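These notes are about the structure you will find just below.
2 protein chains.
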Amino acid sequence: MKLSEHKIVEKKAEILTAAQVCFVEKGFHNTTINDICRESGMSAGNIYRYFDSKEMIIEAFAMEELQWMTTAIKDLPSSPDMLQAIVDTAFWTAATLMREGRPELNAELFAEAGRNPRISAIYSKFNRQLITEICLALEEIENNGLLVLRHERQSIAMLIISLVDGLVLNQIINTDLDIMTMRPVIETMVTSLFAKPAEDR
Amino acid sequence: MKLSEHKIVEKKAEILTAAQVCFVEKGFHNTTINDICRESGMSAGNIYRYFDSKEMIIEAFAMEELQWMTTAIKDLPSSPDMLQAIVDTAFWTAATLMREGRPELNAELFAEAGRNPRISAIYSKFNRQLITEICLALEEIENNGLLVLRHERQSIAMLIISLVDGLVLNQIINTDLDIMTMRPVIETMVTSLFAKPAEDR
DNA sequence: TCATTATGAATGATCATTCATTCATGATAT
DNA sequence: ATATCATGAATGAATGATCATTCATAATGA
Chain A
394 MKLSEHKIVE
404 KKAEILTAAQ
414 VCFVEKGFHN
424 TTINDICRES
434 GMSAGNIYRY
444 FDSKEMIIEA
454 FAMEELQWMT
464 TAIKDLPSSP
474 DMLQAIVDTA
484 FWTAATLMRE
494 GRPELNAELF
504 AEAGRNPRIS
514 AIYSKFNRQL
524 ITEICLALEE
534 IENNGLLVLR
544 HERQSIAMLI
554 ISLVDGLVLN
564 QIINTDLDIM
574 TMRPVIETMV
584 TSLFAKPAED
594 R
Chain B
394 MKLSEHKIVE
404 KKAEILTAAQ
414 VCFVEKGFHN
424 TTINDICRES
434 GMSAGNIYRY
444 FDSKEMIIEA
454 FAMEELQWMT
464 TAIKDLPSSP
474 DMLQAIVDTA
484 FWTAATLMRE
494 GRPELNAELF
504 AEAGRNPRIS
514 AIYSKFNRQL
524 ITEICLALEE
534 IENNGLLVLR
544 HERQSIAMLI
554 ISLVDGLVLN
564 QIINTDLDIM
574 TMRPVIETMV
584 TSLFAKPAED
594 R
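Protein chains in written order, with my numbering: chain A, 394 to 594; chain B, 394 to 594.
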């Protein structure tokens, strides 16, 4: 009996979940197909029915992981206090990315992007989306006139993204880096990028 | 004729330089000993006279790369304008780490630290040194009384480090990220962590 | 029964590591 | 000065392990 499209997606997801567990502890390249077999309870041959190669598993995984990040931003609420919304989202994103082996996966993705053009392309695409999204939010801030941006929208967006990425990755080597206690500092730094219309620069 | 201690160090350095070239383009795990042979013009057997294993080459390389970072900070000048010195050093460090395949190597190091306890230990050690060094500079700022820290010393140090790391790594996936145009934003963010004594918080 | 899914041993490639051998150079003896 | 030796440096083919991938076969179920 042929599997429905839906069931196929489910199977793939199952494999990717197993792969993720392996990737966290061994990284992309030290994870073997057999590791993924063990973790998913599937045979090697069967995994190859759903993915053409190990490479494709890594790619699909990267897509999924990065997709997560952009959807997280997508519902950046269009609240009256847009600045607070940005700070909250940045903080929440960092906090979420710091749980459950996520920092390790992020490091793996950066490293892979550095040498694998396909992963790099995927990452770039999502990153551009992310920047665009943040810029839109910044535009909204400018338009409502309560605050002035002290720098270019693009630059501000990149800096916020970098700050979050940096915090997440540093968690790997500094396990007692507690994001909660960082909140006030993050708030100060992000807020400093804006000024009241009167004072300007 | 036995090689002098000095010559041995030189040989090792030669191998590490070749390894670095390979690591940039293929990462630690896709680099083979033969790649390093080709790049260094040495035979496999000979390389094993200087390093016990590929693992040890990676470790030695990590040491060297991280050492660089701490020495860069070590001569954080004890200038009258300590705040400016910190901003300058952060900026200069980021700018330097963004050249010549360094972002790729940094990503590789983070990824490796996430799964290899020996690399993680090395990285943690250097990171602690870095934080200590920055905290000392912050203490000096507090002592001379011209500025007040708006947050804990440790937190400020970690945030600055994270910001720099994040910028460096984002360079990998955003090749038109130009650190020069980021300078004013970095300056704003770092400066925001301090206040004049009068206003305080 | 037959179409499809699943298995897992077999295949072939790649690699880290080893080791028998060669090479280079300085010391020693004539 | 020349020939011989000794020592450690360097080579690169061979070894053995590990893996991604394939495929002949079995299970499943409509």
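C-beta atoms are modelled at their ideal positions from N, C-alpha and C, and glycine is treated no differently. Model, not experiment: these values are computed from the prediction.
CA nearest to the CA of residue i, picked from the options
i, options, result
"R495(A)", "M462(A), S472(A) and H422(A)", "M462(A)"
"Q460(A)", "E452(A), R511(A) and F519(A)", "F519(A)"
"R511(B)", "I408(B), Q564(B), M456(B) and N423(B)", "M456(B)"
"L562(B)", "A588(B), E545(B) and E501(B)", "E501(B)"
"S433(B)", "A412(B), E452(B), M449(B) and H422(B)", "A412(B)"
"S517(B)", "D481(A), D569(A) and L539(A)", "D569(A)"
"T489(A)", "M573(A), A588(A), A453(A) and G538(A)", "M573(A)"
"V578(A)", "P590(B), K395(B) and E545(B)", "E545(B)"
Inter-residue spacing [alpha-carbon to alpha-carbon] between residue i and residue j
i, j, result
"D468(A)", "E533(A)", "14 Å"
"I426(B)", "D571(A)", "39 Å"
"F484(B)", "Y441(B)", "39 Å"
"R576(B)", "A487(B)", "10 Å"
"N439(A)", "A504(B)", "29 Å"
"I401(B)", "I515(B)", "23 Å"
"V583(A)", "L540(A)", "13 Å"
"F421(B)", "G559(A)", "21 Å"
"F444(B)", "N423(B)", "18 Å"
"D481(B)", "I466(A)", "32 Å"
"S397(B)", "E403(B)", "10 Å"
"S585(A)", "Q547(A)", "16 Å"
"R594(A)", "N567(B)", "Residue placement at R594(A) is poorly supported in this model, since its pLDDT is 42, which falls under 50; the coordinates still yield a value, given next. Roughly 28 Å separates the two Cα atoms."
With 16 other Cβ atoms within 10 Å as the buried cut-off, status of residue i
i, result
"N536(B)", "exposed"
"T581(B)", "buried"
"A406(A)", "exposed"
"N509(B)", "buried"
"I479(B)", "buried"
"D474(A)", "exposed"
"R521(A)", "exposed"
"E458(A)", "buried"
"H399(A)", "exposed"
"A506(A)", "buried"
"M491(B)", "buried"
"S472(B)", "exposed"
heavy atom of the ligand MG below 7 Å from residue i C-beta
i, result
"S585(A)", "Ligands displayed in this structure: none; no statement on the ligand MG is therefore possible."
If you pair each beta-carbon of the stretch 408–417 of chain A with each one of the stretch 492–508 of chain A, do three or more pairs fall below 8 Å? yes
At 4 residues or longer, what runs of the alpha helix (DSSP H) sit wholly inside the stretch 500–561 of chain A? If we require 4 residues or more, the alpha helix (DSSP H) runs fully inside the stretch 500–561 of chain A come out as 510–537.
Can at least three beta-carbon pairs, one atom from the stretch 519–528 of chain A and one from the stretch 547–559 of chain A, be found at a separation below 8 Å? yes
Which full runs of the alpha helix (DSSP H) of 4+ residues lie inside the stretch 419–506 of chain A, going along the chain? 426–433, 437–443, 447–467, 475–490 and 495–506
Which ranges does the alpha helix (DSSP H) cover as unbroken runs of at least 4 residues, wholly within the stretch 563–594 of chain A, from first to last along the chain? 572–584
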